[in-house]
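**Student:** Here it is, the structure, as structure tokens.
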Amino acid sequence: MSLSLNLRELAKKPKLLLPGHRLCAGCGASIIVRQVLLASRGPVILVNATGCLEVATTIYPYTSWKVPWIHVAFENAAAVASGIESAIKALKRRNAYKHDQVDIIAFAGDGGTYDIGIQALSGAFERGHDFLYVLYDNEAYMNTGIQRSGGTPRGAATTTTPAGTVIPGKAEHKKPIADIAVAHKIPYVATATPAHWADLIRKARKGMEVKGPAFMHTFSPCPRGWRLPPEQTIKIAKLAVDTCYFPLWECENGHWRLTDRSLAIAKNPKLKKPIEEFLKPQGRFRHLFKPENKHIIKELQEHVDAVWEDLLKRCENI
Amino acid sequence: MSELKSWREVPIAGVCWKLSTEFKTGDWRTFRPVIDQEKCVKCLTCWIYCPDGAVEWNGERVDINYEYCKGCGICANECPVKAIKMVLE
Amino acid sequence: MATEQRVMALNGDEAVAWAVKQCNVDFVAAYPITPQTLIVERFSEFVANGEVKTEFVAVESEHSALSACIGAAAVGARAFTATAANGLALMWEIVYIASSLRLPIVMAIVNRALSGPICIHCDHGDSMGCRDAGWIQIYCEDSQEVYDTIIQAFRIGEHPKVQLPVMVMLDGFVLSHTLQNVSLLPDEVVRQFVGYRKPVEIEVPYLGKVPMILDPDNPLTFGPLDLYDYYFEHKMQQHEAMKNARPVIKQVNEEYYKISGRKYGDGFIDCYGVEDADVATIVLGSTAGTVRSVVKKLREKGYKVGVVRLRTFRPFPAEEIIEALKHVKVIGVLDRSGPFGGFGAPVFLETRAAFYDQADRPIIVNYVYGLGGRDMHPGLIKQVYDDLLKILETRRVERIVKFIGVRE
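Chains as they are written, first to last, in the working numbering: chain A, 1345 to 1662; chain B, 426 to 514; chain C, 89 to 496.
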């Protein structure tokens, strides 16, 4: 089934994530999920790790899911998906499975992926199971109250890395999770944001079509945790890409390509915005604008620039 | 909370038995989006960005489903022709 | 009645692997840990030689092993895994989740001591540690029973009124690594006995009556968030399922007898010398064999002693134990796991609690033995019986909980 990127065509598809879920007003994760499901080409089975998405969409006895869905625990979305994928093979072998093709999609936050979930993720990648893993990265353990994760950027204030007088926010840089996925040599890895919806949907479809593990690192703005007005979710995602804080790329069998806005910036570097523009609207970075913390902004800019330069060298389509 | 059932009445394994469409999140909002249908170019930008799927396209016009709209304001903020205003409830 | 069977020299782990081979298991995910490794290795050979149609996934940890089994069982596959000690400890949260999701996964536990210090030898601390996780728990005395019980486990767990996962225990090294002549039923007979897994149906208003699996045609939601309004009710359902398991365990024991010629007591307990006994012990697992030989010798000398081997620990067969032992004057409960801070060790606590309401209840004492693989040889068992006979005579208990075989 070919993918249409025409919104009016997409709007005809049945709603697979129903309204009435209890995610915050303006939550990036729900936009991402809606868009990923629009990319589906047939039946899907969803696995969801513990986190905002799982909790807010399935408060017993209510469910927002019109697709088969399972939540087991925090760190094992990839392991559960592995079990589903292999069991379906076994059932097909004895002609006990009626669907020719089902796409298995695992959704997990940065909580269930970067840190506690990395073992299961790595194992599933190494074994080569055919599934798509979508990481919705809101850059902290949001569901338990905004604690830092491996995905929290340098300098961000979280409840476990507060903007203190001695230690002003998280000391460590964001773990390069998508690079880790590429290092596993899986067939498809991509980054995406819900603001760049056509890019996200195209990549999600590719991830489903690819044989073997596919990984999508999606940028999920969190109005609550980032101290941002809820209507800014899409704008901040655009700024993340415009400042090259979150570049849009895909890596297919080791071949890197920039996409969408990031490709435009690579071709016209004048479009690249300074990191302050991404940091300023967010309350979690407010303390960085004090004179004693300005060096952190400089460090962040250097880090973003270094990663961007490295990416430019690797990408084959500039 | 829903009308509470005994353990004998609910399905086993904790399987959910109600769709969330029965839970109206529309009462969350402080501001409601109002679409100026004259200005609206039916690009569906609001539809693709709505976290709650509360924007409806029936093939002819775009409407907000106020039963679920949480009033986040993304639609108004992203509308390319500024056809949506956030109005205090 | 009993069918023509093939005898093979197998160790306990191999007996497990052969049973799984014959049971039309769709999915196995396992991570090696001594003394379970031989199960995984033998099964891998079956897979590599195309002797089974099972999908075998060599996962990266025990936690992922049971998680993958849950995923597999949730799409309707028959799933199996095996572990021991720290492997079980690592998958502990998932053990609870598997039973709450009512998935009839079968897991072999090769009983081994929990670290630390790290000790690979036989101890029941691991399976006793998750006795309240909502799994059916059956302890086997020898490799023959291991083979038979794994086959029965699929029938018990998958019964529509049960729908619970089942743990089958075998003593680490004592059973797992020693050879025994095991009679294997023909493939066809086992296949007939267990069939293929048939998921139960569930009814939800927005779909009607549908199979309880992850099915794109009937999208169900498994594993929601419970608040304080429903968690208790969900646990009651598991409690009820345990009650339903009781007649099923007995029934499967009987049915299996018909095809194999073997049964294990009534499925719950296996009694020896108890009918006229004044003194008896309750014991689990392979030690029961040694106890029986000591009991035989004592009985030959005229002592009225007996032993009950407790096979099914969960659900705990209180009624059956009371019925079998209510006339006995002194009961010694042998536990192969420690009572750190508790009034006594697990089997003792259950037994004593069960007897509390009996008018003329026996004196019940606890002997903790065999921790970390400490051998429970006939000499030590005789010590236990000497002690019990002394209590019978003096009617005095100097210490309710004693530790047998440890250097004081």
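Don't be surprised by glycine CBs; every beta carbon is placed ideally from N, CA and C.
Mind pulling the chain B residues with CB within less than 8 Å of TYR294/C?
**Tutor:** To locate residue 294/C, count along the third sequence from 1; it is residue 206. Those are TRP442, LYS443, LEU444, listed as they occur along chain B.
**Student:** Between CYS441/B and the rest of its own chain, which residues show a CB-CB distance below 7 Å, the 5 nearest in sequence each way excluded?
**Tutor:** The residue you call residue 441/B lines up with position 16 of the second sequence. There are no such residues.
**Student:** Please list the terminal residues of the continuous beta strand (DSSP E) segment that includes GLN268/C.
**Tutor:** Locating residue 268/C in the third sequence gives position 180, counting from the first residue. First-last of the beta strand (DSSP E) with GLN268/C: 267-272.
**Student:** Using a Cβ-Cβ cutoff of 9 Å, what residues of the region 489-510 of chain B are near chain D? List them in chain order.
**Tutor:** Here the protein chains are A, B and C, and chain D is not one of them.
**Student:** Could one say the Cβ of HIS415/C lies closer than 7 Å to chain B's Cβ atoms, at least one of them?
**Tutor:** Mapped onto the third sequence, residue 415/C falls at position 327. No, HIS415/C does not count as interfacial toward chain B.
**Student:** Can you find at least 3 beta carbon pairs, one from the region 1352-1361 of chain A and one from the region 1400-1415 of chain A, that sit closer than 8 Å?
**Tutor:** A contact exists between the region 1352-1361 of chain A and the region 1400-1415 of chain A.
**Student:** Between HIS415/C, PRO434/C, GLY458/C, GLY430/C, which lies nearest to PRO450/C when the distance is taken from Cα to Cα?
**Tutor:** Within the third sequence, the letter at position 362 stands for residue 450/C. Per the Cα distances, HIS415/C.
**Student:** Beta carbons nearer than 9 Å to chain B: which residues of the region 1381-1407 of chain A have them?
**Tutor:** Against chain B - using a Cβ distance shorter than 9 Å - the residues of the region 1381-1407 of chain A are LEU1382, THR1401, THR1402, ILE1403, TYR1404, PRO1405, TYR1406, THR1407.
**Student:** Does the region 205-214 of chain C come close enough to the region 498-508 of chain B to have 3 or more Cβ pairs within less than 8 Å?
**Tutor:** Contact fails: fewer than three Cβ-Cβ distances are below 8 Å.
**Student:** Restricting to runs no shorter than 3 residues, where is the beta strand (DSSP E) found entirely within the region 1606-1635 of chain A?
**Tutor:** For the region 1606-1635 of chain A, not a single whole beta strand (DSSP E) run of length 3 or above is found.
**Student:** Let me check understanding here. Comparing Cα to Cα, which of SER215/C, ALA161/C, PRO192/C lies closest to THR171/C?
**Tutor:** Locating residue 171/C in the third sequence gives position 83, where the first residue counts as 1. The shortest Cα separation from THR171/C among SER215/C, ALA161/C, PRO192/C belongs to SER215/C.
**Student:** Rounded to the nearest angstrom, how far is the Cβ of TRP427/C from that of VAL456/C, given a contact under 8 Å?
**Tutor:** As a working mapping, residue 427/C is identified with position 339 in the third sequence. As a working mapping, residue 456/C is identified with position 368 in the third sequence. The sequence shown places Pro at residue 427/C, rather than the Trp named in the question. Indeed, because the Cβ distance is near 7 Å, the residues count as touching under 8 Å.
**Student:** Would you mind reading off the limits of the beta strand (DSSP E) that contains HIS1599/A?
**Tutor:** The sequence position of residue 1599/A within the first sequence is 255, counting from 1. Per DSSP, HIS1599/A belongs to the beta strand (DSSP E) from 1599-1602.
**Student:** Hey, out of ASP114/C, LEU476/C, PRO405/C, VAL262/C, whose CA is closest to ALA162/C's CA?
**Tutor:** Within the third sequence, residue 162/C is the residue found at index 74, counting from 1. Checked all of ASP114/C, LEU476/C, PRO405/C, VAL262/C; the closest Cα to ALA162/C is ASP114/C.
**Student:** Between the alpha carbons of SER348/C and LEU273/C, how many angstroms are there, rounded?
**Tutor:** What you label residue 348/C is simply residue 260 of the third sequence in a count that begins at 1. What you label residue 273/C is simply residue 185 of the third sequence in a count that begins at 1. Roughly 7 Å between the two C-alpha positions.
**Student:** With distances taken from CA atoms, which of ASN112/C, ARG483/C, ASP101/C, LEU480/C is nearest GLU276/C?
**Tutor:** The residue you call residue 276/C lines up with position 188 of the third sequence. Measuring from the Cα of GLU276/C, the nearest candidate turns out to be ASN112/C.
**Student:** CA-CA distance, ALA221/C and ALA1548/A?
**Tutor:** Against the third sequence, residue 221/C aligns to sequence position 133. Against the first sequence, residue 1548/A aligns to sequence position 204. Those two C-alpha atoms are separated by around 38 Å.
**Student:** Are the C-beta atoms of MET426/B and some chain A residue less than 7 Å apart?
**Tutor:** By 1-based counting over the second sequence, the position of residue 426/B is 1. Residue placement at MET426/B is flagged as unreliable, the pLDDT there being 49, under the threshold of 50; the coordinate-derived value follows with that caveat. No, its Cβ sits nowhere closer than 7 Å to a Cβ of chain A.
**Student:** Please list, in chain order, the chain A residues whose beta carbon lies closer than 8 Å to that of ASP461/B.
**Tutor:** By one-based count along the second sequence, residue 461/B stands at place 36. Per Cβ cutoff of 8 Å: no residues; ASP461/B is ~17 Å from chain A at best.
**Student:** Alpha carbon to alpha carbon, what distance is there between ILE1462/A and ASN1420/A?
**Tutor:** Translated into positions along the first sequence, residue 1420/A becomes position 76. Translated into positions along the first sequence, residue 1462/A becomes position 118. Taking the straight line joining both Cα atoms gives about 9 Å.
**Student:** Which value, in whole angstroms, describes the spacing of the CA atoms of ASP1481/A and LEU1397/A?
**Tutor:** Within the first sequence, residue 1481/A is the residue found at index 137, counting from 1. Within the first sequence, residue 1397/A is the residue found at index 53, counting from 1. Distance between the alpha carbons of ASP1481/A and LEU1397/A is about 11 Å.
**Student:** For the region 350-418 of chain C, which segments carrying the alpha helix (DSSP H) assignment without a break, of at least 4 residues, lie completely within its bounds, in sequence order?
**Tutor:** Whole alpha helix (DSSP H) segments, 4+ residues: 375-388, 406-413.
**Student:** Quick one: Cα of THR1488/A to Cα of ARG1571/A, how far?
**Tutor:** Counting from 1 along the first sequence, the entry for residue 1488/A is found at position 144. Counting from 1 along the first sequence, the entry for residue 1571/A is found at position 227. Whole-angstrom Cα-Cα distance: 16 Å.
**Student:** Which word fits SER1348/A, buried or exposed, when buried means at least 16 other C-beta atoms lie within 10 angstroms of its C-beta?
**Tutor:** Here the question's residue 1348/A lines up with position 4 in the first sequence. By the neighbour-count rule (16 or more Cβ atoms within 10 Å), SER1348/A is not buried but exposed.
**Student:** Identify the continuous alpha helix (DSSP H) that holds HIS1561/A and give its terminal residues.
**Tutor:** Start at 1 with the first residue of the first sequence, and residue 1561/A comes out as number 217. Run containing HIS1561/A: none in the alpha helix (DSSP H); it sits in the beta strand (DSSP E), 1558-1563.
**Student:** Could one say the Cβ of GLN93/C lies closer than 7 Å to chain B's Cβ atoms, at least one of them?
**Tutor:** Position 5 of the third sequence, counted from the first residue, corresponds to residue 93/C. Judged by the 7 Å Cβ criterion, GLN93/C is not in contact with chain B.
**Student:** According to DSSP, is MET426/B part of a helix, a strand, or is it coil?
**Tutor:** One-based indexing of the second sequence puts residue 426/B at position 1. Model confidence at MET426/B stands at a pLDDT of 49, short of 50, so the residue's coordinates are unreliable; what they give is reported in the following sentence. Coil, per DSSP.
**Student:** Let's test the definition: count the other Cβ atoms within 10 Å of the Cβ of THR1537/A and tell me whether it reaches 16, buried, or not, exposed.
**Tutor:** By one-based count along the first sequence, residue 1537/A stands at place 193. So THR1537/A counts as buried.
**Student:** At the 7 Å Cβ level, is CYS1371/A part of the contact set with chain B, yes or no?
**Tutor:** Numbered from 1 along the first sequence, position 27 holds the residue referred to as residue 1371/A. Chain B, which has a Cβ nearer than 7 Å to the Cβ of CYS1371/A, makes this yes.
**Student:** Distance, Cα to Cα, MET1486/A vs GLY1395/A?
**Tutor:** Your numbering for residue 1486/A matches position 142 in the first sequence. Your numbering for residue 1395/A matches position 51 in the first sequence. Cα to Cα, MET1486/A sits roughly 8 Å from GLY1395/A.
**Student:** Using 8 Å as the cut-off, can you tell me whether the region 1434-1443 of chain A makes contact with the region 334-352 of chain C, which would need three or more C-beta pairs spanning the two stretches below that distance?
**Tutor:** No, because fewer than three Cβ pairs between the region 1434-1443 of chain A and the region 334-352 of chain C fall closer than 8 Å, the two stretches do not touch.
**Student:** With burial defined as no fewer than 16 other Cβ atoms inside 10 Å of the residue's Cβ, what is the status of ASP448/C: buried or exposed?
**Tutor:** Here the question's residue 448/C lines up with position 360 in the third sequence. With fewer than 16 Cβ atoms within 10 Å of its Cβ, ASP448/C is classed as exposed.
**Student:** Which residue from GLN446/C, LEU477/C, PHE144/C, LEU398/C puts its Cα closest to that of ASP366/C?
**Tutor:** Start at 1 with the first residue of the third sequence, and residue 366/C comes out as number 278. Nearest option by C-alpha distance: LEU477/C.
**Student:** Considering only C-alpha positions, which residue in the set CYS468/B, SER445/B, TRP432/B is nearest to ALA508/B?
**Tutor:** Taking the first residue of the second sequence as position 1, residue 508/B is located at position 83. ALA508/B has its Cα closest to that of CYS468/B, out of CYS468/B, SER445/B, TRP432/B.
**Student:** Report buried or exposed for PRO1567/A, applying the criterion of at least 16 other Cβ atoms within 10 angstroms of its Cβ.
**Tutor:** By one-based count along the first sequence, residue 1567/A stands at place 223. Per the 10 Å Cβ criterion, buried.
**Student:** When we look at the beta-carbon of HIS503/C and count the other beta-carbons within 10 Å, is it buried (16 or more) or exposed?
**Tutor:** Not covered by the structure: residue 503/C. The range shown for chain C is 89 to 496.
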